[in-house]
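Structure, as structure tokens:
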Amino acid sequence: MELLQLLECSPPLAREPLNAEQAAGVARVFKALGDPVRLRILSIVACREGGEVCVCDITGAFELSQPTISHHLKVLKEVGLLTSERRASWVYYRLVPETLGELSAILGTPAVV
1 MELLQLLECS PPLAREPLNA EQAAGVARVF KALGDPVRLR ILSIVACREG
51 GEVCVCDITG AFELSQPTIS HHLKVLKEVG LLTSERRASW VYYRLVPETL
101 GELSAILGTP AVV
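Residues 1 to 113 in full-length UniProt numbering are what the sequence shown lists, from first letter to last.
Below is the structure:
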């Protein structure tokens, strides 16, 4: 099952337990977010006006090699947090709001009264 479909089918943690497949899919996304560089990349893309960032701007924000940044971007794309579009010689990245929304829904807990 595709990761976004797994997230869409996963109930909030406080409502019912995840099955093994759901838990594995959700864990992949959280594992990707568990790396500080990837979390910063996601933050850079999320707060950019217009909702997209050129890879050249992402690379310039780190003291890491271009191949290392490319690896982190690939991981974020594989788990469905980012999407990309090539324009001439540059690649532009943007968030996948559906994935972030599903993660938010999974973590949603009812208010304690």
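Note that beta-carbon positions come from the ideal geometry of N, C-alpha and C, so glycine has one too.
May I have the straight-line CA-CA distance separating F62 from E52, to the nearest angstrom? F62 and E52 have their C-alpha atoms spaced approximately 18 angstroms apart.
Give the C-beta separation of Y93 and S104 to the nearest angstrom, bearing in mind that I take them to be a contact with Cβ-Cβ under 8 angstroms. Actually they are not in contact, since the Cβ atoms of Y93 and S104 sit about 20 angstroms apart, beyond 8 angstroms.
With DSSP run on the structure shown, which of helix, strand or coil describes S65? Of the three classes helix, strand and coil, the one that applies to S65 here is coil, per DSSP.
Quick one: complete alpha helix (DSSP H) runs, 4+ long, within the UniProt domain "HTH arsR-type" (18-113)? Restricted to the UniProt domain "HTH arsR-type" (18-113), the alpha helix (DSSP H) segments that are unbroken, complete and at least 4 residues in length are 20-33, 36-47, 55-60, 66-78 and 97-107, listed in chain order.
Can you give me the Cβ contacts of I69 inside the same chain, cut-off strictly under 7 angstroms, excluding the 5 residues immediately before and after it? So the list reads I58, T59 and F62, once near-sequence residues are dropped.
In whole angstroms, what is the alpha-carbon distance linking V26 and R40? Each residue's Cα considered, the two are about 20 angstroms apart.
By the 10 Å Cβ neighbour count, where 16 or more other Cβ atoms means buried, how is E16 classified, buried or exposed? E16 is classed as exposed because its beta carbon has fewer than 16 other beta carbons within 10 Å across all chains shown.
Are the Cβ atoms of W90 and V37 separated by less than 8 angstroms? The answer is no: Cβ separation not under 8 angstroms.
Am I right that V29 and L95 are in contact with their C-beta atoms under 8 angstroms? What's the rounded C-beta distance? Taking 8 angstroms as the upper bound for CB-CB distance, V29 and L95 are not in contact here, some 13 angstroms apart.
Does the Cβ of A20 have 16 or more other Cβ atoms within 10 Å, making it buried, or fewer, making it exposed? With fewer than 16 Cβ atoms within 10 Å of its Cβ, A20 is classed as exposed.
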